[in-house]
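Just below is one structure, and these are the notes that go with it.
There are 2 protein chains.
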Amino acid sequence: MSQTVRSTPRADDYRMPAEWERHSGCWMLWPQRPDTWRNGGKPAQAAYARVASAISRFEMVTVGVNTDQYLNARAMLPSRVRVIELSSNDAWIRDCGATFVVDDHGHVRGIDWEFNAWGGLEKGVYFPWDQDELVAQKMLEIEGLDRYQAPLIMEGGSIHVDGEGTLLTTEQCLLHPNRNPKLSRSQIESCLQEYLNISKIIWLPHGVYKDETDGHIDNLCCFVRPGVIALTWTDDQSDPQYDISAEAYDLLQSETDALGRPLEIHKIHQPQPMFMTEDEANGIDVVDTAVPRPAGKRLAGSYINFYIANGAVILPEFNDTHDTAAKRKLAELFPDRDVIGIYAREILLGGGNIHCITQQQPSGQRHS
Amino acid sequence: MSQTVRSTPRADDYRMPAEWERHSGCWMLWPQRPDTWRNGGKPAQAAYARVASAISRFEMVTVGVNTDQYLNARAMLPSRVRVIELSSNDAWIRDCGATFVVDDHGHVRGIDWEFNAWGGLEKGVYFPWDQDELVAQKMLEIEGLDRYQAPLIMEGGSIHVDGEGTLLTTEQCLLHPNRNPKLSRSQIESCLQEYLNISKIIWLPHGVYKDETDGHIDNLCCFVRPGVIALTWTDDQSDPQYDISAEAYDLLQSETDALGRPLEIHKIHQPQPMFMTEDEANGIDVVDTAVPRPAGKRLAGSYINFYIANGAVILPEFNDTHDTAAKRKLAELFPDRDVIGIYAREILLGGGNIHCITQQQPSGQRHS
């Protein structure tokens, strides 16, 4: 039975665990809208199915599907994946879904943030977002987990935590006037502290170049364990991404985490710049209620957009010369996990990647 | 994780438990279609909510809702009721939902029968029934329970079991040519034996007069415990129901159950004959894809259409002079349970009652 709790996680001694803490499962949504996904969503569905299939080798995966796609999703996904009706406007559960918090007794609750499709009527990605807005509530209802309603427009992809009090985010996104224009920086910080129970926020200025989320942290950098960060990088100083990554690197070098530890930063070289092809763009519906996806658009490709599952890391690959190095680096950073690469260009075409389309549900047990 | 099992419950030592055995919860669907339910479904929704609310005092209730009614259902139901997206064409989960079976180790699985809206294109109740057909599969998927696919068009309301090998049904329904015209009586019996793991079938000729399900057993009579049956009755020999009930009474008198016990039969006098009023009929959409619901139509009212919850019996009432006697009789028959009457005319207007709109999920523990 899911109840809406009127207090906050901090008041109740709940905290957001790090992604590497033990999961009871992983949530995904099913892609279908033909103005995001080319060719009626079929290539993206195949890519999502590969991701779901890979993760489901390590933990339970639930895929939420709009009613009209139920049987198709069921047919495309392995039987060990749980397929349920869970309507959405698009398929980015990291951003519209619940963020889970845990207490020290193994209890799990969820935070239902407000959601406005990455900007609402001010350059948001599509309209409407009414079904996305209900995803978190429905997830918690299905699981019978209590729900906090956070008074903040926030997407799960715009934060990363180390589970020990530190939060990473970007000013570009969380202070963007199309999210919470009536809240000051310190009000936003207070809200994050109350709901995620963190004590230190590290603000990076910008997210990845041309990221249509207004610079989500989860495409730029992330914790791989407490005190250790992976950062997308390029050696090409003529690439606009260079300054963004360098600026982040310098700032992180000068920072400490909530427990006063300096940060160890690992650069992961990005894939070669990628662009939407004519053929790809021609497969996408033109509408006036979603951002255009024209040929030539630069795609915000990054290896950082991986998902940490129980015992595994699920990594986007692009048939790029940097794939191997990224995979090798992550294998070093996660010595106890299998690192599994999934060819993910079709997900990237829609504006995100593997981390954006997944949401871990922690088990409440601290060990990984 | 739900898998489709290729064997049968009998082969795997699963059996359908009696309704009075312990439940882990109860499933319902949410009414909305304006060609079944008057006034946009609002009075029926209020009645369903009363039923869900009453049952949820005794066991977990899950209500499956079409996407467009999610927030309305959530608002009309108490927070202790779980509300999930689960699409349907109408709201009769007894008939389109899973029938659960258990083994002696506490495992639970579900049977997914074929469903054709009480007759398919041959005088079925509506068209299409595509979403109803998926309800059982989706229930089992949400719960992670394994699924048997039974090759029989059958509704849960057309059978009752005592959990000890005996099944009650009607020839009018299960042998109706609009259900399984290619199967003989003995083939249907074999299928029931294989899937419900029963050893004796008691066939009654007819269901309740004017019952639009083609005579479901669950409006006519049911087990209240092994060897004991409640039967709807009328003392009015001019009512066509009299012959139906008398015929059933005589047949049951001469029968024994699977264990050779004679049957003790308790008559429960039906409510006064009820008819759809002009005002009620005027609130129902006229369409050509569902049976007409005109003023003057006799309603198949019966007290037998109750639901046995953990510790309670939820009984339909009609503001009728027979309400009190029915409730008193059930209190005698179920001395360890609260008997709770719910005014249920609005459900009856749609063609069924409380038993038809509920489906118990057994816990797998034998004691009640």
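Line by line, the protein sequences are chains S and B.
Quick note on our numbering: the first sequence kicks off at 1 and runs consecutively.
Quick note on our numbering: the second sequence kicks off at 369 and runs consecutively.
All C-beta atoms in this analysis are idealised placements derived from N, C-alpha and C, irrespective of residue type, glycine included.
Under the three-state DSSP convention, the category residue i falls into
i: B/Gln561; result: helix
i: B/Ile510; result: helix
i: B/Gln737; result: This structure cannot settle anything about residue 737 of chain B, because the visible part of chain B is limited to 369 through 736.
i: B/Leu701; result: helix
i: S/Asp132; result: helix
i: S/Tyr307; result: strand
i: S/Thr67; result: helix
i: S/Glu247; result: helix
i: S/Asp35; result: coil
i: B/Lys695; result: helix
i: B/Leu445; result: coil
i: S/Tyr14; result: coil
i: S/Glu264; result: strand
i: S/Val51; result: helix
i: B/Tyr610; result: helix
i: B/Asp688; result: coil
i: B/Ser736; result: Because the pLDDT of B/Ser736 is 47, which lies under 50, any placement of that residue in the model is unreliable, and the number read from its coordinates should be weighed accordingly. If DSSP states are grouped into helix, strand and coil, B/Ser736 belongs with coil.
i: S/Asp257; result: coil
i: B/Ile556; result: helix
i: B/Cys724; result: coil
i: B/Arg713; result: helix
i: S/Leu121; result: coil
i: S/Asp112; result: strand
i: S/Ala312; result: strand
i: B/Pro730; result: strand
i: S/Ala91; result: coil
i: B/Ile708; result: strand
i: S/Lys42; result: helix
i: S/Leu86; result: coil
i: S/Leu183; result: coil
i: B/Ser392; result: strand
Residue i, buried or exposed, once every other Cβ within 10 Å from all chains shown has been counted against 16
i: S/His23; result: buried
i: B/Ser455; result: buried
i: B/Glu646; result: exposed
i: B/Pro684; result: buried
i: S/Ser2; result: buried
i: B/Arg696; result: exposed
i: S/Phe275; result: exposed
i: S/Arg6; result: exposed
i: S/Val286; result: exposed
i: S/Asp104; result: exposed
i: B/Asp618; result: exposed
i: S/Leu121; result: exposed
i: S/Arg147; result: buried
i: B/Asn687; result: exposed
Candidates the options, of which the one nearest residue i by Cα
i: B/Lys578; options: B/Gln540, B/Gln561, B/Arg553, B/Leu564; result: B/Gln540
i: B/Ile612; options: B/Ile636, B/Phe643, B/Val576, B/Pro545; result: B/Val576
i: B/Gln400; options: B/Ala420, B/Tyr438, B/Tyr675; result: B/Tyr438
i: B/Leu343; options: B/Arg425, B/Val476, B/Ile556; result: Because chain B in this structure spans residues 369 to 736, residue 343 of chain B falls outside the shown range and cannot be described.
i: B/Gly651; options: B/Glu714, B/Met507, B/Trp497, B/Lys635; result: B/Glu714
i: B/Ser558; options: B/Pro573, B/Leu535, B/Asn546; result: B/Leu535
i: S/Glu212; options: S/Ile84, S/Pro294, S/Trp118, S/Ser302; result: S/Trp118
i: B/Asn587; options: B/Trp571, B/Ala668, B/Glu615; result: B/Ala668
i: S/Leu204; options: S/Glu194, S/Leu196, S/Pro34, S/Cys222; result: S/Cys222
i: B/Thr537; options: B/His574, B/Arg418, B/Gln505, B/Asp514; result: B/His574
i: S/His107; options: S/Thr358, S/Gln253, S/Asp12; result: S/Asp12
i: B/Arg378; options: B/Ala693, B/Val470, B/Ile676; result: B/Val470
Proximity below 8 angstroms, CB of residue i to CB of residue j
i: S/Thr8; j: B/Thr435; result: no
i: S/Ile342; j: S/Ile314; result: yes
i: B/Gly526; j: B/Ile585; result: The sequence shown places Ser at residue 526 of chain B, rather than the Gly named in the question. In contact: B/Ser526 and B/Ile585 (Cβ atoms closer than 8 angstroms).
i: S/Asp95; j: S/Glu164; result: no
i: S/Arg38; j: S/Leu259; result: no
i: S/Ile84; j: S/Gly64; result: yes
i: S/Glu143; j: S/Pro362; result: no
i: S/Val161; j: S/Ala18; result: yes
i: B/Gln638; j: B/Thr602; result: yes
i: S/Leu140; j: S/Val224; result: no
Any 3 or more C-beta pairs closer than 8 angstroms across the segment 294-313 of chain S and the segment 51-62 of chain S: yes
Would you check if there are 3 or more beta carbon pairs closer than 8 angstroms linking the segment 444-459 of chain B to the segment 74-83 of chain S? With a cut-off of 8 angstroms, the segment 74-83 of chain S and the segment 444-459 of chain B do not count as touching, because too few Cβ pairs lie within range.
Assess contact between the segment 222-241 of chain S and the segment 261-270 of chain S, defined as three or more Cβ pairs (one per stretch) separated by less than 8 angstroms. Is contact present? yes
Segment contact, 8 angstroms Cβ cut-off, at least three pairs: the segment 398-417 of chain B with the segment 458-467 of chain B: yes
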